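So the structure is just underneath, and the comments pick up after that.
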Amino acid sequence: MKKRRLKRYVKSHKSLFLTLAASTGVVLTGIFAGTGTIKANKIIKSEEKKAEIGNVELTKTDIFLLTWKCYIPAVASGVGSIACIFGLNVLNKKQQEQLISAYALLNNTYHEYRKQVIERYGEEVDEEIRENLGYAAIGECSNICRIDCDYPDEKAIFYDPISGNSVVKYEREVMAAEYHLNRNFIIAGGVTLNMLYDFLGLPQTKEGEELGWSLCDGYCWIDFEHTLLSKDDGGMPVYSIDAVFSPHDEYDDY
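Anchor point for the sequence shown: position 4 equals 740 in our numbering, and the numbering is continuous, going up by one each time.
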């Protein structure tokens, strides 16, 4: 578990690590070059004295052969720094391309999702969801999606079969949480189950941190089904929140 978390942390902070490595490499290159020059000067002075005694003249080739090893650390550090800089540049270009593709995919998926909402619940529900998301965007609620606001329809108990936890929400609030999860899924390329719990207002779990979804699985949207489990007279109906594509613990191994 610790190895997986460490791998996930390193993977998500590659740009930072490459930047730190390149910066450190530049500093070390200067230090190694300075110490190498000091060692080389000592060797040259020592060999010059020997050459004077033997009445021999040191050539540039002789000096190079005597001192080149002093600069190996500086050269190695410099090459490593350059490699980190090139790696960072490649990574940034890749991230930019992924981000552009993700935004294009998000736009198409968003319109398709709205179309499905309108077909199932009508234009009125679609408008209310958009208004509530707009309120959240301008900061009237602290969470990204509004999960504590009342709407003029019936609340229900929504049950998560993985954690065993449940929450009382309007269905449109649950749908808004699922939408925000999918938005992050498309932009980031992967999300954890805990992220869904956070949007729903459910407590996070260890299993929720280990399980998740990835775009590399071949789908670009996480579909959810709300299955009616029970409806007692006088009580709230109980629905289970089921992901069509189940989360798995290898979502971040790509």
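All C-beta atoms in this analysis are idealised placements derived from N, C-alpha and C, irrespective of residue type, glycine included. Everything numeric in this text was worked out from a predicted model, so none of it was measured.
key: Sufficient close CB pairs (3 or more, under 8 Å) joining the region 782–790 to the region 807–816   = Inter-segment contact for the region 782–790 and the region 807–816 is absent: fewer than three beta-carbon pairs are separated by less than 8 Å.
key: alpha helix (DSSP H) runs wholly inside the region 787–811, at least 4 long, in chain order   = Scanning the region 787–811 from its first residue to its last, the whole alpha helix (DSSP H) runs of 4-plus residues come out as 796–803.
Secondary structure of SER966, DSSP reduced to three states = For the purposes of this step, residue 966 is taken as the residue at position 230 of the sequence shown. The answer is strand: DSSP assigns SER966 an E or B state.
ask   = Which first and last residues belong to the beta strand (DSSP E) in which TYR895 is found?
value = Working through the sequence shown from its first residue, we reach residue 895 at position 159. Segment 892–895, the beta strand (DSSP E) holding TYR895.
message = Please state whether the Cβ-Cβ distance between CYS820 and LEU764 is less than 9 Å.
response = Within the sequence shown, residue 820 is the residue found at index 84, counting from 1. Within the sequence shown, residue 764 is the residue found at index 28, counting from 1. No, these two residues do not count as a Cβ contact at 9 Å.
ask   = Any idea if TRP804 is buried or exposed, counting beta-carbon neighbours within 10 angstroms, 16 or more meaning buried?
value = Along the sequence shown, read from residue 1 onward, the residue named residue 804 stands at position 68. Exposed is the call here.
request  = Go ahead and pull the three-state DSSP assignment for PHE935.
outcome  = Walking along the sequence shown from the start, residue 935 turns up at place 199. Helix, per DSSP.
ask   = Expressed to the nearest angstrom, what Euclidean distance is found between the alpha-carbon atoms of THR928 and SER759?
value = As a position in the sequence shown, residue 928 is number 192, starting the count at 1. As a position in the sequence shown, residue 759 is number 23, starting the count at 1. THR928 and SER759 have their C-alpha atoms roughly 32 Å apart.
message = Contact defined as beta carbons within less than 8 Å: I believe CYS956 pairs with ILE922. What is the distance between those atoms, to the nearest angstrom?
response = Residue mapping note: residue 956 aligns to position 220 of the sequence shown, counting from 1. Residue mapping note: residue 922 aligns to position 186 of the sequence shown, counting from 1. 7 Å between Cβ atoms; contact.
key: ASP985, DSSP secondary structure in three states   = By 1-based counting over the sequence shown, the position of residue 985 is 249. Correct three-state label for ASP985: coil.
query = If you compare alpha carbons, which of TYR906, SER902, LEU932, LYS905 is closest to TYR915?
reply = The residue labelled residue 915 in the question sits at position 179 within the sequence shown. Among TYR906, SER902, LEU932, LYS905, the Cα nearest to that of TYR915 belongs to LEU932.
request  = Taking ASN686 and LEU938 to be in contact with their CB atoms under 8 Å, please state how far apart those CB atoms are, rounded to whole angstroms.
outcome  = Within the shown structure, residues of the chain are numbered from 737 to 990, placing residue 686 beyond reach of any answer.
ask   = Grouping DSSP H, G and I as helix and E and B as strand, with all else coil, what is SER813?
value = Along the sequence shown, read from residue 1 onward, the residue named residue 813 stands at position 77. The DSSP-derived three-state label of SER813 is helix.
inquiry  = Applying the 10 Å Cβ sphere with the 16-neighbour rule, what's the burial state of PHE822?
reply    = Within the sequence shown, numbered from 1, the residue matching residue 822 stands at position 86. Label assigned to PHE822: exposed.
request  = From the DSSP output, in three-state form, read off THR771 for me.
outcome  = Sequence index remark: in the sequence shown, residue 771 carries index 35 (1-based). Helix, per DSSP.
Of the listed residues LYS796, ALA769, HIS962, nearest to VAL974 (C-alpha basis) = As a first step, residue 974 is located in the sequence shown; it is residue number 238 there, counting from the start. Ranking the options by Cα distance to VAL974, first place goes to HIS962.
request  = Run the CB neighbour count on PHE800, radius 10 Å, all protein chains shown included, and call it buried at 16 or more, exposed below.
outcome  = On the sequence shown, position 64 is the one that residue 800 refers to. It is exposed - the Cβ of PHE800 has fewer than 16 other Cβ atoms within 10 Å.
query = Cβ of GLY766 within 9 Å of Cβ of CYS806?
reply = In the sequence shown, counting from the first residue as 1, residue 766 sits at position 30. In the sequence shown, counting from the first residue as 1, residue 806 sits at position 70. No.
key: Endpoints, the alpha helix (DSSP H) within which ILE898 is located   = Counting from one through the sequence shown, the residue named residue 898 turns up at place 162. No alpha helix (DSSP H) holds ILE898; DSSP gives it neither H nor E.
key: For ILE893 and ASP988, the rounded distance between their alpha carbons   = Taking the first residue of the sequence shown as position 1, residue 988 is located at position 252. Taking the first residue of the sequence shown as position 1, residue 893 is located at position 157. When rounded, the distance between both Cα atoms is 31 Å.
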